[in-house]
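Here's the structure we're looking at; comments come further down.
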Amino acid sequence: MTEPQGTLQLPPQLSTIAPEVDDMYYVIYWISVVFFVAIVGATVYFSWKYRRRPGHSSKPPGHATALEIAWTVAPLFLLVWLFHAGFTTYLHGTVAPQNARDIRTRAMQWNWEFEHEGGVIDELNVLKIPVGEPVRIIMSSSDVLHSFFIPAFRVKRDAVPGMYTTLWFEATELTDTRACETDADCPEAHMCGRAGECVLPLFCTEYCGAPQGITDSAGRNTNHSTMLADVRVITREAYDEFLELGPPPPAECEGSENQPACWGEKLYTSNGCNACHSADGSAAPGPTWQGLWGRQGSFVDGGNYVADENYIRESILQPQAHIVTGYAAVNMPPYRLSDRQIDAIIAYMRTLSE
Ligand SMILES: [Cu+2]
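Taking the numbering used here, the leading residue of the sequence shown gets 897, the next gets one more, and so forth.
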């Protein structure tokens, strides 16, 4: 596999549409160079040829209709052709192929959230995509105008509050995820991502943020120029596995002695379970999770249960299947969590029953 090379002006072409976009760019670039040289050259030449000299007086030229028509019509053809070629490329980048994988993308100050098929929501600011498959990005914004830009793919479009915008691309190369400490350790057009591995950068190119260097209480950036996401092009197999298993445990839980429970506790708050379930036995709209694991209970429509793995799994995915006695007044919404995430929640619940 040869590394696609960038040029002095443009980064390497890592998507199927990149060559088409670059060709268009170079056509316009060279047309501009040719006209620039011709016009400036003629100006300089005529200024010298018809400079003021003693014994020469000006002889104003007459009117050359044929010449005037020629230099009006010739650029017209050129411009119409340029419009046609540019618009065709634009349409290629806009209309996604039928078999494209959908990724819902939510832009917010100052993060990117990606939701894949089946409702799998990845870690914030991490975009995983399969190589060699068209991917459609369906964007929305929850606050202000943002703009989605991946230079190596030559795609860019605004994320607008109150409407959906889409774009699509097909990545042609796996991301070289070698370990890194700074961007300089990574190949051309890559940056050193949050996991200490090289990734492709996804920028927000809209000025959507506060002044430099302001961070919120959680230490997150609140500055649009650092509203960066890591793009990782992975194999189809790895992508399918990701869709099935969901996102991996968060990095903060690495090295924790009960990693699944640590992850489960994070999911408890990040999914808002804590709004209805307490972890310490205190009263809440839903049953407390303290002592839930292994507890015996009854349903409003009769029947008893013991809270085991299958029961908890069903309670999360289809909460309305069985209603716990005493809790018929509040409806728990169904959650789309992966098996691994449910396992993590169960691991956390178990720590509340010890
Ligand atoms: Cu932004």
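Each residue gets a CB set at the ideal place from its N, CA and C atoms; glycine is no exception. Bear in mind the structure is a predicted one, so any value in this text is a computation, not a measurement.
With distances taken Cα to Cα, identify the nearest neighbour of I1241 among N1206, V936, K955 and L975. On the sequence shown, position 345 is the one that residue 1241 refers to. Closest by alpha carbon: N1206.
Is the beta carbon of C1104 closer than 8 Å to that of Q1192? Taking the first residue of the sequence shown as position 1, residue 1192 is located at position 296. Taking the first residue of the sequence shown as position 1, residue 1104 is located at position 208. With respect to the 8 Å criterion, Q1192 and C1104 are not classified as neighbours on the basis of their beta carbons.
Can you give the Cα-Cα distance for V930 and V936, rounded to whole angstroms? Here the question's residue 930 lines up with position 34 in the sequence shown. Here the question's residue 936 lines up with position 40 in the sequence shown. Each residue's alpha carbon lies about 10 Å from the other.
Rounded to whole angstroms, what's the CA-CA distance from P1183 to T1062? Just pull it up for me. Taking the first residue of the sequence shown as position 1, residue 1183 is located at position 287. Taking the first residue of the sequence shown as position 1, residue 1062 is located at position 166. In a straight line, the C-alpha of P1183 is about 41 Å away from that of T1062.
V1031 beta carbon less than 8 Å from that of W1064: Locating residue 1064 in the sequence shown gives position 168, counting from the first residue. Locating residue 1031 in the sequence shown gives position 135, counting from the first residue. Taking the C-beta atoms as reference points, V1031 is found nearer than 8 Å to W1064.
For the alpha helix (DSSP H) that contains P1156, what are its first and last residues? As a first step, residue 1156 is located in the sequence shown; it is residue number 260 there, counting from the start. From DSSP, the alpha helix (DSSP H) with P1156 extends over Q1155 to S1166.
Test item: CB-CB of P1156 and V1226 under 8 Å: Position 260 of the sequence shown holds residue 1156. Position 330 of the sequence shown holds residue 1226. No, Cβ-Cβ distance for P1156 and V1226 is not below 8 Å.
Quickly, what does DSSP pair Y1201 with across the bridge? List them, please. If you number the sequence shown from 1, residue 1201 lands on position 305. DSSP, once it has assigned bridges, lists G1193 as partnering Y1201.
Same chain, Cβ closer than 7 Å to I1238, five either side skipped, listed in chain order: Here residue 1238 corresponds to residue number 342 of the sequence shown, with the count starting at 1. For I1238, same chain residues with a beta-carbon under 7 Å away, outside a window of 5 residues either side, are R1209 and I1212 in chain order.
Please go through the same chain and pick out, in chain order, the residues whose beta-carbon is closer than 7 Å to the beta-carbon of P907, but skip the five residues on each side of it. Taking the sequence shown and counting its residues from 1, one reaches residue 907 at position 11. Contacts found: P1047, A1048, E1084 and A1085.
CB L1124 to CB L1098, shorter than 8 Å? Here residue 1124 refers to the residue found at position 228 of the sequence shown. Here residue 1098 refers to the residue found at position 202 of the sequence shown. The criterion of a C-beta distance shorter than 8 Å is satisfied by L1124 and L1098.
8 Å Cβ cutoff met for E1066 and S911: For the purposes of this step, residue 1066 is taken as residue 170 along the sequence shown, with counting starting at 1. For the purposes of this step, residue 911 is taken as residue 15 along the sequence shown, with counting starting at 1. The beta carbons of E1066 and S911 sit closer together than 8 Å.
So within the stretch 1032-1074, which uninterrupted beta strand (DSSP E) runs reach at least 3 residues, ignoring any that extend past its ends? Complete beta strand (DSSP E) runs here, min 3: 1042-1046, 1051-1055 and 1061-1066.
What are the residues that DSSP puts in a beta bridge with M1004? Here the question's residue 1004 lines up with position 108 in the sequence shown. Beta-bridge pairing links M1004 to N1007.
On the DSSP bridge assignment, give the partners of C1088 in chain order. The residue you call residue 1088 lines up with position 192 of the sequence shown. Secondary-structure assignment with DSSP links C1088 through a beta bridge to C1094.
Please report how far the alpha carbon of C1172 lies from the alpha carbon of F1044, in whole angstroms. On the sequence shown, residue 1172 is found 276 positions in, with the first residue counted as 1. On the sequence shown, residue 1044 is found 148 positions in, with the first residue counted as 1. Looking at the two C-alpha atoms, the distance is approximately 35 Å.
Checking 8 Å against the spacing of the C-beta atoms, do D1235 and L1163 come in under that value? The residue you call residue 1235 lines up with position 339 of the sequence shown. The residue you call residue 1163 lines up with position 267 of the sequence shown. Against a cut-off of 8 Å, the Cβ pair of L1163 and D1235 comes out as no contact.
Quick check for students: name the residue ranges of the alpha helix (DSSP H) that lie wholly in the stretch 943-992, counting only runs of 4 or more. DSSP runs (the alpha helix (DSSP H)) wholly in the stretch 943-992: 961-990.
For D1072, the nearest candidate out of V940, I1130 and E1161 (CA to CA): On the sequence shown, residue 1072 is found 176 positions in, with the first residue counted as 1. Out of V940, I1130 and E1161, I1130 has the C-alpha closest to the C-alpha of D1072.
Out of H1012, L1020, R1000 and V1022, which one is the CA nearest neighbour of S1036? Taking the sequence shown and counting its residues from 1, the one referred to as residue 1036 is at position 140. When only C-alpha atoms are compared, the closest one is R1000.
With DSSP collapsed to three states, give me the class of A1240. Within the sequence shown, residue 1240 is the residue found at index 344, counting from 1. Annotated three-state conformation of A1240 is helix, per DSSP.
Pick from L1188, G1199, Y1231 and V1196: whose alpha carbon is nearest that of E1250? Working through the sequence shown from its first residue, we reach residue 1250 at position 354. Put simply, of L1188, G1199, Y1231 and V1196 the residue whose alpha carbon is nearest the alpha carbon of E1250 is L1188.
Using only the alpha-carbon positions, how far apart do V923 and A1055 sit? Position 27 of the sequence shown, counted from the first residue, corresponds to residue 923. Position 159 of the sequence shown, counted from the first residue, corresponds to residue 1055. In a straight line, the C-alpha of V923 is about 29 Å away from that of A1055.
Any heavy atom of ligand 1 closer than 7 Å to the CB of E1102? The residue labelled residue 1102 in the question sits at position 206 within the sequence shown. Yes; taking the cut-off as 7 Å, the Cβ of E1102 has a heavy atom of ligand 1 nearer than that.
Using a threshold of 8 Å, state whether the C-beta atoms of L1221 and S1178 are closer than that. As a first step, residue 1221 must be located in the sequence shown, where it is residue number 325. As a first step, residue 1178 must be located in the sequence shown, where it is residue number 282. In the sequence as presented, Leu is not what sits at residue 1221; that position holds Thr. Not closer than 8 Å, so no.
Return the chain-ordered list of same chain residues with a C-beta closer than 6 Å to the C-beta of E1019, the five sequence neighbours on each side being excluded. Within the sequence shown, numbered from 1, the residue matching residue 1019 stands at position 123. Around E1019: P1143.
Quick check on the DSSP output: the beta strand (DSSP E) that includes D1126 runs from which residue to which? Within the sequence shown, residue 1126 is the residue found at index 230, counting from 1. Per DSSP, D1126 belongs to the beta strand (DSSP E) from A1125 to I1130.
Going by the C-beta, is W1006 closer than 7 Å to any heavy atom of ligand 1? As a working mapping, residue 1006 is identified with position 110 in the sequence shown. Under cutoff, so the answer is yes.
Since L1023 is in the beta strand (DSSP E), which residue starts that stretch and which ends it? Here the question's residue 1023 lines up with position 127 in the sequence shown. Taken as a continuous stretch (DSSP letters only), the beta strand (DSSP E) holding L1023 covers V1022 to P1026.
Tell me, to the nearest whole angstrom, how far the beta carbon of R1128 is from that of V1027; I am working on the premise that it is less than 8 Å. The count along the sequence shown starts at 1 and reaches residue 1128 at position 232. The count along the sequence shown starts at 1 and reaches residue 1027 at position 131. The Cβ separation is near 10 Å, so there is no contact.
Can you tell me whether DSSP reads R997 as helix, strand or coil? Within the sequence shown, the letter at position 101 stands for residue 997. Reduced to three states, the DSSP call for R997 is strand.
DSSP three-state assignment for S1211, whether helix, strand or coil: The residue you call residue 1211 lines up with position 315 of the sequence shown. In the structure shown, S1211 sits in a helix (DSSP, three-state: H, G or I).
H1218 Cβ short of 7 Å to ligand 1 heavy atom set: Sequence index remark: in the sequence shown, residue 1218 carries index 322 (1-based). Every heavy atom of ligand 1 is 7 Å or more from the Cβ of H1218, so no.
According to the neighbour-count rule (16 or more other Cβ atoms, all chains shown, within 10 Å of its Cβ), is H1012 buried or exposed? Translated into positions along the sequence shown, residue 1012 becomes position 116. Buried: at least 16 other Cβ atoms inside 10 Å.
Consult DSSP for C1149 and reduce its assignment to one of helix, strand or coil. In the sequence shown, residue 1149 corresponds to position 253, counting from 1. Looking at C1149 - three-state DSSP - the assignment turns out to be helix.
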